[in-house]
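Participant: Here's a structure for you.
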């Protein structure tokens with residue numbers, strides 16, 4: 001097979017990519033309609049193109065369809081969320097209780113992303129001093145999946161109000177796999193260029209977020 | 001200002017995004033030509049559009065231009081890389097020694113990305129059970145920057161063969177900032193759709209990387 005020539009990305013693409021980054025959202029409100037056949041597989045294939053330390057590709061994907069396992073994950077979220085609410089100060093607690101923090105009830109797909117902490121792929125390269133880069137690589141896969149999804153009109157919601165070890169037990173995965181992200185995947189009810197937590201008055205844009213310090 | 005209507009991403013864009021994901025590379029071989037004025041700032045602005053836990057936006061960017069600090073980071077890399085080489089088994093060590101693992105010598109820009117572990121933005125939301133999601137958010141910013149760069153023909157190389165605390169000391173940043181990534185930024189010598197570590201015979205594609213487990 002002849003090698004492909006490198007793609008040239010024109011100004012139109014660069015501008016559309018900027019729009020994609022601006023309109024990517026963490027989605028908690030889904031329409032329950034299923035995704036088309038093959039859609040989740042297509043997203044996972046894009047996720048697997050993410051960078052990884054030493055080319056270790058440590059991401060592992062688990063599609064959660066079993067109703068009993070889904071219910072157990074939802075119960076785990078509710079338990080952790082109640083504890084988080086109890087930990088808020090009085091003023092914040094009222095606002096916290098009003099937030100919708102997960103779309104576990106309606107999203108047609110649940111996808112858990114693990115890091116295989118025991119993989120030998122990559123032969124340890126690049127992670128002697130920063131072993132956390134193995135899990136960071138799985139985070140890159142989540143982000144690639146997120147953008148590939150949004151480009152197709154599919155929304156992603158990242159649920160982190162869970163005890164990772166409990167989710168690993170519910171999903172009965174290998175002992176060396178650590179939960180990196182539990183994702184709700186489906187069609188969003190609405191689109192927005194503003195984070196839901198900003199719209200809800202929880203946390204606005206931080207002016208420090210785009211600063212560059214000089215050294 | 002009237003609200004913008006949500007963008008529609010057509011098939012042409014989706015295919016170009018796939019190409020972007022496929023041709024994004026970790027770059028270690030740079031042409032030394034400078035970036036245009038404002039280019040780094042534009043990339044950081046896109047990075048700041050990444051998702052973050054509780055909308056905490058904990059990424060902090062440090063542009064390293066001072067020759068003495070750059071030399072200190074390079075010496076730190078060389079020290080850590082020599083230790084990593086010494087830790088390889090005999091057969092791998094020969095191959096490890098031949099790899100080029102950083103473009104610190106030629107990249108026109110060095111950009112360090114930290115996580116502000118002490119930020120109060122987000123009010124702790126979403127990270128009671130998974131505090132690591134704060135640093136994962138900074139990883140998302142790195143990945144957004146990477147794609148925005150590649151779309152503009154600019155290459156990124158992530159150097160992880162460094163002691164994070166040493167780099168933080170060299171760059172004299174706040175005590176609560178943890179190094180997430182040290183990036184070389186510049187024009188790549190070549191483009192490829194295959195990771196350099198695969199081309200060098202270090203680590204090929206892992207057949208498990210695109211699998212989906214059912215639960």
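Protein chains in written order, with this note's numbering: chain A, 1 to 215; chain B, 1 to 215.
All C-beta atoms in this analysis are idealised placements derived from N, C-alpha and C, irrespective of residue type, glycine included.
The structure displayed is predicted, hence computed values, not measured ones.
1. Is it right to say residue 159 of chain A is buried, meaning 16 or more other beta carbons lie within 10 angstroms of its own, or is it exposed?
2. Residue 202 of chain A and residue 95 of chain A - do their beta-carbons sit closer together than 8 Å?
3. Do residue 118 of chain B and residue 206 of chain A come within 8 Å of each other at the CB atom, strictly closer than that value?
4. With distances taken from CA atoms, which of B/86, B/126, B/104, B/100 is nearest residue 102 of chain A?
5. By the 10 Å Cβ neighbour count, where 16 or more other Cβ atoms means buried, how is residue 26 of chain B classified, buried or exposed?
6. Of all the CB atoms in chain B, is at least one closer than 8 Å to the CB of residue 115 of chain A?
7. At which residue ranges does the segment 136-175 of chain A contain complete beta strand (DSSP E) runs of 3 or more residues, listed in the order of the chain?
8. Who are the neighbours of residue 61 of chain B on chain A, taking C-beta pairs under 9 Å?
9. Just reading off the alpha helix (DSSP H) that residue 177 of chain B is part of, what are its end residues?
10. Is residue 66 of chain B near residue 6 of chain A, with beta carbons less than 8 Å apart?
11. Can you determine whether any heavy atom of the ligand HEM sits closer than 7 Å to the C-beta of residue 85 of chain B, and answer yes or no?
12. Against chain A, which members of the segment 154-165 of chain B pass a CB distance test of less than 8 Å?
13. Excluding five sequence neighbours on each side, which residues of the same chain lie with their C-beta closer than 7 Å to the C-beta of residue 81 of chain A?
14. Taking only beta-carbon atoms, is residue 126 of chain A less than 8 Å away from chain B?
15. Can you name, in chain order, every residue of its own chain whose Cβ lies under 8 Å from the Cβ of residue 23 of chain A, other than the five neighbours on each side?
16. With C-beta atoms as the reference, is residue 157 of chain A less than 8 Å away from residue 107 of chain A?
17. Whole-angstrom Cβ separation of residue 111 of chain B and residue 183 of chain B, contact assumed at under 8 Å?
18. Just verifying my parser: in three-state terms, what is the DSSP assignment at residue 26 of chain B?
19. Quick check on the DSSP output: what are the complete beta strand (DSSP E) runs of length 3 or more inside the segment 57-135 of chain B, in order along the chain?
20. Name the DSSP bridge partner or partners of residue 213 of chain A?
21. At a Cβ threshold of 8 Å, is residue 171 of chain A touching chain B?
22. What does the alpha-carbon distance come out to for the pair residue 200 of chain A and residue 93 of chain B?
23. Would you identify the three-state DSSP class for residue 199 of chain B, choosing helix, strand or coil?
24. Any beta carbon from chain B within less than 8 Å of residue 37 of chain A's own beta carbon?
25. Assuming residue 49 of chain B and residue 144 of chain B make a contact with CB atoms under 8 Å, what is their CB distance in whole Å?
26. Here's the rule: buried if 16 or more other CB atoms are within 10 angstroms of the residue's CB, otherwise exposed. What is residue 47 of chain B?
27. Is residue 105 of chain B close to chain A, meaning its C-beta is less than 8 Å from at least one C-beta of that chain?
28. List the residues of chain B that residue 9 of chain A touches, going by C-beta distances under 7 Å, in chain order.
29. Since residue 6 of chain A meets chain B, which of its residues come closer than 7 Å, beta carbon to beta carbon?
30. Tell me which residue opens and which closes the alpha helix (DSSP H) that residue 41 of chain B is part of.
31. Report yes or no: is there a C-beta of chain B within less than 8 Å of the C-beta of residue 30 of chain A?
32. Under the assumption that residue 28 of chain A contacts residue 63 of chain B (Cβ atoms under 8 Å), give the Cβ distance between them as a whole number of angstroms.
33. Report, in whole angstroms, the separation of the C-beta atoms of residue 86 of chain A and residue 128 of chain B, which I expect to be a contact under 8 Å.
34. Pick helix, strand or coil for residue 31 of chain A, following the three-state DSSP scheme.
35. Mark residue 138 of chain B as exposed unless 16 or more other C-beta atoms lie within 10 angstroms of its C-beta, in which case mark it buried.
Facilitator: Taking the structure as given:
1. buried
2. yes
3. no
4. B/126
5. When all chains shown are included, residue 26 of chain B counts as buried.
6. no
7. 155-159
8. 210, 211, 212, 213
9. Counting along the chain, residue 177 of chain B falls outside any alpha helix (DSSP H), though it belongs to the beta strand (DSSP E) covering 177-188.
10. no
11. This structure lacks the ligand HEM, and indeed carries no ligand of any kind.
12. 158, 160, 161, 162, 163, 164
13. 101, 161
14. yes
15. A distance below 8 Å between beta-carbons, with the five flanking residues on each side excluded, links residue 23 of chain A to the following residues of its chain, in chain order: 150, 191, 192, 193.
16. yes
17. Separation of the CB atoms of residue 111 of chain B and residue 183 of chain B is rounded to 5 Å, and the pair is thereby assigned contact status at 8 Å.
18. strand
19. 59-64, 109-116
20. B/62
21. yes
22. 54 Å
23. helix
24. no
25. Contact between residue 49 of chain B and residue 144 of chain B holds, with the beta-carbon distance rounding to 6 Å and staying under 8 Å.
26. buried
27. In terms of beta-carbon proximity, residue 105 of chain B stays away from the interface with chain A, with every pair separated by 8 Å or more.
28. Going along chain B in sequence order, the residues near residue 9 of chain A (Cβ under 7 Å) are 16, 20, 151.
29. 23, 191
30. 39-47
31. It does not; no Cβ of chain B falls within 8 Å.
32. Not really, about 35 Å apart at Cβ, beyond 8 Å.
33. Not a contact, Cβ separation roughly 10 Å.
34. strand
35. buried
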